[in-house]
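*Asks:* The structure under discussion is supplied below as structure tokens; questions concerning it will follow.
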Amino acid sequence: MTDITIGIGGAAGDGLDKTGDTLARTAARLGLSVYAYNSYQSIIRGGHIWLRVRLGQEKVESHGDHLRALIALNQDSIERHAPEVEPGGVVLFNADKLRLNIPLRENVTPVPLPVAELTRTFGRVQPVMQNTVALGALLFLLNLDFEVAGTVLADTFAHKGRPLVDQNLGLARAGYDYARERVASLGCQWSFSRKRRPFITGNEAFSLGAVAAGCKFYSAYPMTPASAILHWLAAHGERCGVVVKQCEDELAVVNMAIGAGFAGVRAMCGTSGGGFALMTEAIGQAGMIEAPVVIVEVQRGGPSTGIPTKTEQADLNQVLGASQGDFPRVIIAPTRTADCFPTAVEAFNLAEKYQLPVIIISDLLLSEHPETIEPETLTAAVPIDRGELVTEPSTENGKYKRYAFTLSGISPRALPGTANALHVAASDEHDEEGILISDVFTNPAVRRKIAEKRLRKLDLALRDLPAPQLWGPADAEVTLIGWGSTQGVIREAVGQLTAAGTRANHLQVKYLHPFHSNVVSEILSRSKRTICIELNATGQFARHLRAETGYSVHDRILKYDGEPFEPHHITEQVLAILEGRPRSPDVSQAEAREIAYHYIRTHLVDEMRPGRIERADGDGRGEPVWRIEIIDRDSGKKHGELCVGISTGSTQALALDSS
Amino acid sequence: MATIVELPLETYAGPVEPDWCPGCGDFGVLKAVKMAAGKAGVMPKDLVIVSGIGCSSNLPGYVHAYGVHSLHGRAVAVATGIKLANTDLTVVITGGDGDGYGIGIGHFIHAMRRNLDLTYVVMNNQVYGLTTGQASPTTMKEMRTKSTPRGNVELPINPIALALVSGATYIARGFSGEPNHMADLIAGGIQHKGFALIDVFSPCVTYNKLNTYPWFKQRVYKLEEEANYTPGHVKAALEKSFEWGDRIPIGLFYKDLQPTYEDSEPAFRLGPLAHQKLGVDEPLLKSLVEELM
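Those sequence lines, one after another, are chains A and B. The opening position of the first sequence corresponds to residue 44 in our numbering, with each subsequent residue numbered one higher. The opening position of the second sequence corresponds to residue 96 in our numbering, with each subsequent residue numbered one higher.
Structure follows, in structure tokens:
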């Protein structure tokens, strides 16, 4: 066994994030690879958290497919997730509070923890400390080093004082000993290198990359899932010499960053899709006045306010089309957490070298999930290229030309304060010197040449951007294409396909604009079959690929339910496509159950849950349905039925009332 | 304060002549801005004039200085970024009433409550001129314009009162018919540490046939000539700000020294950001990474 996924489910306030964090940091300090993903369930009123932590001997790049251990902190988590636990796995829960009211899969061991009994000797124990007991038991089951977990707990609770640290250590030990005496461990054979690695999110990596690159100004308006950049930089700004400005709106955010960039500091701002929409006019301004600025767009589920705590890759059209007119911009979609740090550095260099807006397009998954990365990735020794700067006054005809028509398209930049290089940077069209040609001096020839000058910069910029490379065997049966954060999960699916006897290779695109059209066309011309994999509903990258290369992919695998891909989602659909099996958009049985949960939470009382689910023909509205028994959570007594349309997902209650 | 070496008007002579309508009030403002920069002794290389969009926002192109001719309504935000990036620079914002009190009013209010060291000159002609004569946020009630053919039904913004309640620390009103007086007010704003608003009656001779030079000349009087007025009290200034009719005050309404936003920014301890070295040293980076382990 090289890796294992643990799930922790509970309500907000159950303290499971801290439990997951302790588990993850323990494994990280032991030298294991860790990848965690925190998903906020929409099926439970008041919020429900479903955290998965995957531990690997080798690097793991997704939260995986196989749930082997579950800590259930409330009844919902047992009902919803215990059936997912695979044979050989365990389900841990507080036996004083919760009951196992659903059947487990074969060879799954329930571990009901007598929390009251185990905690009796520890004085007054907070309800959240049941988690520490479960964590202790899990440490034994996973063969993790208790002493190291102790160091993490000590660090975590240090600010609360020694008594609380000791209490937590004791509770964890009680859980550990209880499990050791009664349950067999899961048999994980680890080799602990004990190499310390940072456990870091994409947003933290962007922030660190920014300060390493010399970012001195960051502006933002609070918006999930980009806010963690604001929080990190606000907390560390003083030490790192960064001015962090929370603004009145995203119009101010981006315009301040552009002003700061014009005045000569490396400036960045961050937002999500909605905030980016407000910024778009100014992004064109940065292109027009040739001011460097870095914008991080962290996508969440859209459209409009959408699903703020869910992930998606559906803002590609927006960033490609942001702002009116033709102007140069660079758009980069980092592919993994470790890539976020160098991408931030690179973005500042490109922004200043080519004097244009650079957009980093991330997503909630990449920006918010933590994972271990190699510490060597994070270094202060980063390349810094400020581009062509005029420090001595230009003397060409005694007149500095801010927008000089050069062969490269790059006009050496002069910062305010430089003598004899005075100029006005105008959002109106202008000539080489910055004098407006929008009103009195309208001139088609000058207009044509300055428009070309600006756009010419992208020809050169493309040469700075590494071309994408095909990963995997050249003679593969199928090429999987992705962009941005999906690299890890697609590669894991390629591994699964290979294991299943299907040779696949993979092309991940990081640089979206300018686009390596020739390289990509060349690669795809040799592919036998291509499938584009995206976390959106309309295949925005497949469309972009066609626009840039004329190449149409054979098939697309699209997901837009707010949750990230798991490897099996991709593997199963690739096999279906290759075998010519239809991929049905119908409501699956599992989805019907989720819809039933939603109905119960919004219309009925919490004491109910979905029971037996079977397919039936017709509800009189032209589609077959899932008939779902709604039963009492304790007694199993049937209260009524809910019909869920298999095609549309419509709901119709039969003999159900909210009493 | 170091001795000020005043600079002559020609120091700021721009590359091209203004394309404003003959008689436009903005000519007076342009002259006053240059005079004020000279009075304050700001070298052209250290002066950045930031504007938005509108007739008056063309002003930076007519001055020998650095400038950003930014987007409609965004001048204050761009200027804020410039000032925070390099506190050595003198940043003056120029624009119109539509730009500042309409589409850009959010930035205007927030910049004032931050008390950034910026000087904002608003050429208030009470009409949209560049777009050929629609009602603006300061158009008087019942005035007929292309967009209000039956008369404007909305109350005009009161910029002086708004500035007083928003935390600006230097609040004045000038008139294009009194360019020397206006230049003194703007110079005072440049020299004031904190956010300075100079609202200027700058008549649009083409599209505003109500608030004309003669209309203002009959009404305006200088606060400096009022025996009992000193510009240090919010309540008294508020009272004056509502005076509108036969007598309309111009001059300095309010002035107070308060800590500026820049004063509270720890990152400026090492000097202006634009002059600081880039990046962090390895020990600092290592300690930041250690927090993640």
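Built from N, CA and C at the ideal position, the CB exists for glycine as well.
(1) Tell me where the alpha helix (DSSP H) around Q361(A) begins and ends.
(2) Tell me which same chain residues have a C-beta within less than 6 angstroms of the C-beta of Y219(A), skipping the five on either side of it?
(3) The beta strand (DSSP E) with H556(A) in it runs from where to where?
(4) Is DSSP giving P268(A) helix, strand or coil here?
(5) Any C-beta of chain A within less than 7 angstroms: which residues of the region 311-339 of chain B qualify?
(6) Using a Cβ-Cβ cut-off of 8 angstroms, state whether A258(B) counts as contacting chain A.
(7) Quick check: what's the CA-CA separation for L141(A) versus F319(A)?
(8) Starting from W17(A), trace the alpha helix (DSSP H) both ways and give me its first and last residue.
(9) For S451(A), does the count of other Cβ atoms within 10 angstroms reach 16, so buried, or fall short, so exposed?
(10) Would you kindly work out how many angstroms separate the C-alpha atoms of V222(B) and C299(B), rounded to a whole number?
(11) When DSSP labels each residue in this structure, what does Y107(B) get in the three-state scheme?
(12) Whole angstroms is fine: what's the gap from I427(A)'s alpha carbon to H370(B)'s?
(13) Tell me whether H370(B) sits in a helix, a strand or coil according to DSSP, three-state version.
(14) Kindly indicate the opening and closing residues of the beta strand (DSSP E) around N253(B).
(15) In the region 178-217 of chain A, which residue ranges form an unbroken beta strand (DSSP E) of at least 3 residues, counting only runs that do not cross its ends?
(16) Looking at the C-beta of Q232(A), does it have a partner C-beta in chain B at a distance below 8 angstroms?
(17) Going by DSSP in three states, Y594(A) sits in which element: helix, strand or coil?
(18) Using a Cβ cut-off of 7 angstroms, which residues of the region 163-191 of chain B contact any Cβ in chain A, in chain order?
(19) For the region 139-157 of chain B, which residues have a beta carbon sitting closer than 7 angstroms to at least one beta carbon of chain A?
(20) Quick check on this structure: which residue in W310(B), L305(B), L142(B) and K134(B) has the alpha carbon closest to the alpha carbon of V187(B)?
(21) Is there at least one Cβ from chain B nearer than 8 angstroms to H279(A)'s Cβ?
(22) Using 10 angstroms around the beta-carbon of E325(B), count the other beta-carbons present and answer buried if the total reaches 16, otherwise exposed.
(23) Under 7 angstroms between beta-carbons, which chain A residues line up against A160(B)? List them in chain order, please.
(24) Tell me whether the beta-carbon of G136(B) lies closer than 8 angstroms to the beta-carbon of L102(B).
(25) Could you tell me which residues DSSP puts in a beta bridge with C686(A)?
(26) For the region 332-349 of chain A against the region 375-382 of chain A, are there 3 or more C-beta pairs whose distance is under 8 angstroms?
(27) Taking the straight line between their C-alpha atoms, what separation do you get for W339(B) and A256(B)?
(28) For a test of the three-state rule: what should DSSP assign to I375(A), helix, strand or coil?
(29) Looking at C-alpha atoms only, which residue of G131(A), L143(A) and R240(A) is the closest neighbour of T152(A)?
(30) Could you confirm whether any beta carbon from chain B is found closer than 8 angstroms to the beta carbon of Y594(A)?
(31) Are the beta-carbon atoms of M207(B) and F290(B) separated by less than 8 angstroms?
(32) Output yes if chain A places a C-beta closer than 8 angstroms to the C-beta of G197(B); else output no.
(33) From the DSSP output, in three-state form, read off L213(B) for me.
(34) When the distance is taken between beta carbons, is V216(B) closer than 8 angstroms to V100(B)?
(35) Does the beta carbon of L380(B) sit closer than 8 angstroms to a beta carbon anywhere in chain A?
(36) If the cut is a Cβ gap below 8 angstroms, which residues of chain A does L387(B) touch?
*Replies:* By the coordinates alone:
(1) L359 to G364
(2) G179, L182, F183 and F189
(3) Y554 to H556
(4) coil
(5) none
(6) no
(7) 45 angstroms
(8) The shown model of chain A, from 44 to 702, leaves out residue 17(A), and the question about it has no answer.
(9) exposed
(10) 8 angstroms
(11) helix
(12) 16 angstroms
(13) helix
(14) It is not in any beta strand (DSSP E) - N253(B) carries neither H nor E in the DSSP assignment.
(15) none
(16) no
(17) coil
(18) V163, H164, S165, L166, R169, A172, V173, A174, T175, G176, I177, L179, A180, N181, D183 and L184
(19) P139, K140, D141, V143, P155 and G156
(20) L142(B)
(21) yes
(22) Residue identity check: residue 325(B) is Thr in the sequence provided, not Glu. T325(B) should be labelled exposed.
(23) L465
(24) yes
(25) R670(A) and Q695(A)
(26) no
(27) 12 angstroms
(28) strand
(29) G131(A)
(30) no
(31) yes
(32) no
(33) coil
(34) no
(35) yes
(36) P241, F242, I243 and E247
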